[in-house]
Structures are given as structure tokens and as C-alpha cells.
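S.K.: What follows is a single structure, and I will ask about it in a moment.
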Amino acid sequence: MSEYQSREYCKDTECGMQKLIDNDTELGKSFAKSFCRKECEAYKFHKWLQENNYKIVKGNGGENYE
7 MSEYQSREYC
17 KDTECGMQKL
27 IDNDTELGKS
37 FAKSFCRKEC
47 EAYKFHKWLQ
57 ENNYKIVKGN
67 GGENYE
């Protein structure tokens with residue numbers, strides 16, 4: 007199993023804010039990160055998971071979660 011890497015969801019869904027961060031300009035990064043912290047529900051959910059000691063893990067497909 008591997009742990010969730012920061013912004014993996016954003017990259018996979020081709021989030022516009024993630025594209026600004028990836029663009030590698032300080033203004034773009036600063037704006038996007040500020041926007042995400044205030045407005046992004048995925049960001050808020052991920053922070054909630056961390057604050058409540060949850061971990062997101064990715065299996066290899068053979069796990070039984072019952």
C-alpha cells in the first residue's frame with residue numbers, strides 16, 4: 007500500500023488551481039494555494055482527515071476491506 011501524496015487528487019482531476027501551482031510562477035502558486043485553503047472542498051476534507059488522524063492509503067487491488 008502507498009500513502010496519499012499531497013495534491014494527488016487535484017492532479018488526477020486536472021484541477022485548474024493545480025495547473026496554476028504547477029505553472030511554477032510565485033504569483034500563480036500563491037493565489038492558487040490561498041484559494042484552495044479558503045474555497046476547495048477537497049482541501050477542506052483532506053485537512054479534516056488529517057486533523058482527525060485518518061490516513062488515506064491506496065491498495066494494490068487484492069485487499070479485502072470487510
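FYI, our numbering numbers position 17 of the sequence shown as 23, with every residue one higher than the one before it. All C-beta atoms, glycine included, are put in the ideal place defined by N, C-alpha and C.
#1: Count the other CB atoms within 10 Å of the CB of residue 33; is the residue buried (16 or more) or exposed (fewer)?
#2: Please determine if the region 29 to 45 and the region 56 to 65 are in contact, where contact requires at least 3 C-beta pairs separated by less than 8 Å.
#3: For residue 38, which residues in the same chain have their Cβ closer than 8 Å to its Cβ, ignoring the five residues on either side in sequence?
#4: Which same chain residues end up closer than 6 Å to residue 46 when comparing Cβ atoms and leaving out the 5 residues on each side of it in sequence?
#5: Mapping the DSSP letters down to three states, classify residue 61 as helix, strand or coil.
M.R.: Short version:
#1: Residue 33 should be labelled exposed.
#2: Result no; under three Cβ-Cβ pairs closer than 8 Å.
#3: If the five residues before and after residue 38 are omitted, its C-beta is found closer than 8 Å to the C-beta atoms of 23, 24, 26 and 27, all from its own chain and listed in chain order.
#4: The same chain holds no residue with a CB closer than 6 Å to that of residue 46 once the five nearest residues on each side in sequence are set aside.
#5: Annotated three-state conformation of residue 61 is coil, per DSSP.
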